[in-house]
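Numbering (our numbering), first residue to last: 7 to 363.
Encoded as structure tokens, the structure appears first; notes follow it.
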Ligand code: NCD
């Protein structure tokens, strides 16, 4: 790690320190050393491709760093120069609203230059291969590539062929690690920890990269996971993940501390997985009646976009327990934390520099 980068981090700390002093809530007592940076942050210079490649400590580190960013930046939005001079390229081969914007905002708050490649208007439509597109980006010195692709493992392939750090923003039905990290963060924010919680993930599990990454992240952090839906959408082979499978939503809601509702992904379904949307809604939608039967203090989540009236009713969306918009806010903080840590940022709590005044 170069001297210049250390100066950047030092400058970032100065800015944070001033900001925090001005807001009168925190004080920084110690500036991190070069050694601390090197030892504590095991994510430096890596890719972020899936949850199974992260240790429990790394997930904790990302969540703690995200909390720090959220605390600071929701009080007064400021850019910090952590990624100044770096280029982040978002390369989305599938449609997205919140994930792409969230990455863009996170990168901009860290002062990166951001290039958004909309594949539908790029040379991909002229037949350019993935690898040639990527080499073009590399020739422009992109430092981070945030990739969404319809094919599972496309970001893994990319990471083996490029110097830049690759962040997986969703690949096929395989993985969506940053969604799982922001979901993990959102649960910890509400409940303090995932340890011994029961989390139900409900709906179109078979087509969902969110379900696959969420269950791995939640289990890693000590939760029990129930996958719930019709047998066609929750096939037996999910047993290999050491989760409970349920086809009875009414029974599942009695046990769950957290319920994560998934969208029916029509665009990925190749056959008829249930008789009709009406039938599905009757058995698996989170309705007002079902909300009354949930545990006290239940957290209701959804990665978005939501199909109103299909998997969740309008009344439930308006309930204070339904935290979809908070998940979006947390997504920016979590993605800032990821960029910060991949860039070699100092773990805030390990150097013990933040104390309540
Ligand atoms: C999810 C996705 O794209 O996998 N959405 C998201 O990232 N916010 C889930 C979905 O599309 O239903």
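Note that beta-carbon positions come from the ideal geometry of N, C-alpha and C, so glycine has one too.
With contact defined as three or more Cβ pairs closer than 8 Å, the stretch 250-269 and the stretch 286-305 are in contact. If you check the C-beta of residue 182 against ligand 1, you find a heavy atom less than 7 Å away. The residues 319, in chain order, have a CB closer than 6 Å to that of residue 293 in the same chain once the five nearest residues on each side in sequence are set aside. Taking C-beta separations shorter than 7 Å and ignoring five residues to either side along the sequence, the partners of residue 99 in its chain run 125, 154, 155 and 156, following chain order. Here the distance from the Cβ of residue 215 to the nearest heavy atom of ligand 1 is below 7 Å.
Out of 249, 223 and 227, the CA that lies nearest to the CA of residue 234 is found in 249. Our two residues, residue 203 and residue 226, have alpha carbons roughly 12 Å apart in a direct line. Per DSSP, residue 155 lies in no alpha helix (DSSP H) segment; the continuous beta strand (DSSP E) that holds it begins and ends at 150-155. Approximately 7 Å separates the beta-carbon atoms of residue 177 and residue 215; this is inside 8 Å, confirming the contact. Taking 3 residues as the minimum length, the beta strand (DSSP E) runs contained wholly in the stretch 235-318 are 250-252, 264-267 and 305-307, in order along the chain.
The bridge partners DSSP lists for residue 121 are 95.
Taking each of 291, 163, 341 and 159 in turn and checking the Cα distance to residue 141, the smallest one comes out for 163.
Only buried fits residue 185, as 16 or more other CB atoms lie within 10 angstroms of its CB.
With respect to residue 236, residue 55 sits apart: the two C-beta atoms are not nearer than 8 Å.
Residue 90 has its CB no nearer than 7 Å to any heavy atom of ligand 1.
Counting C-beta pairs with one atom in each stretch, the stretch 335-342 and the stretch 70-85 have three or more that are closer than 8 Å, which means they touch. When DSSP states are grouped into helix, strand and coil, residue 226 belongs to the helix group. About 14 Å separates the beta carbons of residue 88 and residue 120, which is beyond the 8 Å limit, so they are not a contact pair. Assignment of residue 187 by DSSP, reduced to helix, strand and coil, places it in the helix class. Collapsing the DSSP output to three states places residue 208 in a strand. Between the C-alpha atoms of residue 194 and residue 305 there is a straight-line separation of about 11 Å. When secondary structure is reduced to three states using DSSP, residue 232 falls in the strand class. Placement of the Cβ of residue 209 at a distance of 7 Å or more from every heavy atom of ligand 1 is found. For residue 340, the enclosing alpha helix (DSSP H) covers residues 330-348. Within the same chain, Cβ atoms closer than 7 Å to the Cβ of residue 341 are found at 108, 109, 112 and 184, the five residues on either side in sequence being excluded. For residue 177, the enclosing beta strand (DSSP E) covers residues 171-177. Distance between residue 244 and residue 286, taken at the CA atoms: about 20 Å. Distances from the CB of residue 269 to the heavy atoms of ligand 1 include at least one below 7 Å. Each of 223, 326 and 246 was checked against the Cα of residue 61, and the nearest Cα belongs to 223. For residue 161, the uninterrupted alpha helix (DSSP H) segment begins and ends at 160-165.
In this structure, residue 207 lies away from residue 239, with their beta-carbon atoms at least 8 Å apart. DSSP places residue 54 within a strand segment (E or B) once states are collapsed to three.
For residue 73, the enclosing alpha helix (DSSP H) covers residues 62-79. If you check the C-beta of residue 105 against ligand 1, you find a heavy atom less than 7 Å away. Remark: C-beta atoms of residue 180 and residue 158 approach each other more closely than 8 Å. Rounded to whole angstroms, residue 284 and residue 136 show a C-alpha spacing of 40 Å.
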